[in-house]
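J.: Residue numbers (our numbering): 10 to 248.
Note that the Cβ used here is the ideal one computed from N, Cα and C, for glycine as well.
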């Protein structure tokens, strides 16, 4: 068993079986139907569930990797942006090198919007999408956990009590993130636990300390550590 099996995203060989399992989950099918047919009355949506379940199974047979899944989802996201907004503008991506990995830290308003928008912008520019840190308290054990882990999310333990257990959880998260960055994948994490509800975006000092745990004992200054992880601050605003 891998040290990080309980928190890591699903691997390519796990995508197909996970999608088939989701297709058999009535709650997921009801959730997906609202996106597949927005505006359709609830009673008609329920009638469409069997067809949607069959469609998900058919698509699952063609999906061989996480990249395949994200390529499919990009079409839905593009349609959603056109239907619900006047567009999205991005600046700064030209400063990034496609071959390098980065630690992205952004402000936080919503469970999924910020990492989704960042990854969509990266994908459009030909960059590899990031792994995404998501608190396990936000997902529970239902289909949302599977759905997010299919989309490169890893779980950050939140529901832990006691100082020792919390420190262990922080060390695990820090070690996983270092392992991911050094393994060639970028990472996104919010600058604070919980969403900012007052419009004041400040990075929690505890977050920075957690991120540095896996690098302790290596005599690195904060500046050296920042260079090591290639930290990229991200600011997302909505108009």
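Quick test of your reading: residue 197 and residue 124, contact by CB under 8 Å. State the CB separation rounded to the nearest angstrom.
T.: Here residue 197 is taken as the residue at index 188 of the chain shown, counted from 1. Here residue 124 is taken as the residue at index 115 of the chain shown, counted from 1. Residue 197 to residue 124, Cβ: 5 Å. Contact.
J.: I'd like the list of long-range same chain contacts for residue 214, defined as Cβ closer than 8 Å, with 5 residues on each side in sequence excluded.
T.: As a working mapping, residue 214 is identified with position 205 in the chain shown. Answer for residue 214: no residue qualifies.
J.: What is the rounded straight-line gap between the Cα of residue 72 and the Cα of residue 59?
T.: For the purposes of this step, residue 72 is taken as the residue at position 63 of the chain shown. For the purposes of this step, residue 59 is taken as the residue at position 50 of the chain shown. Going by the C-alpha atoms only, they are around 20 Å apart.
J.: For the beta strand (DSSP E) containing residue 115, name the first residue and the last one.
T.: Residue mapping note: residue 115 aligns to position 106 of the chain shown, counting from 1. 112-115 is the span of the beta strand (DSSP E), which, as asked, contains residue 115.
J.: Which one of 113, 158, 130 has the shortest CA to CA distance from residue 100?
T.: Against the chain shown, residue 100 aligns to sequence position 91. The shortest Cα separation from residue 100 among 113, 158, 130 belongs to 130.
J.: Rounding to the nearest angstrom, what Cα-Cα distance links residue 158 and residue 180 in this structure?
T.: Indexing the chain shown from 1 puts residue 158 at position 149. Indexing the chain shown from 1 puts residue 180 at position 171. Looking at the two C-alpha atoms, the distance is approximately 20 Å.
J.: Just list the residues that DSSP pairs residue 143 with in beta bridges.
T.: In the chain shown, counting from the first residue as 1, residue 143 sits at position 134. Note: residue 143 sits in a beta bridge opposite 164.
J.: Anyone know if the C-beta pair for residue 66 and residue 32 falls short of 8 Å?
T.: In the chain shown, the residue the question calls residue 66 occupies position 57. In the chain shown, the residue the question calls residue 32 occupies position 23. For residue 66 and residue 32, yes; Cβs fall inside 8 Å.
J.: One question on the structure: do residue 74 and residue 24 come within less than 8 Å of each other, judged by their Cβ atoms?
T.: Here residue 74 is taken as the residue at index 65 of the chain shown, counted from 1. Here residue 24 is taken as the residue at index 15 of the chain shown, counted from 1. Taking 8 Å as the Cβ cut-off, residue 74 and residue 24 qualify as a contacting pair.
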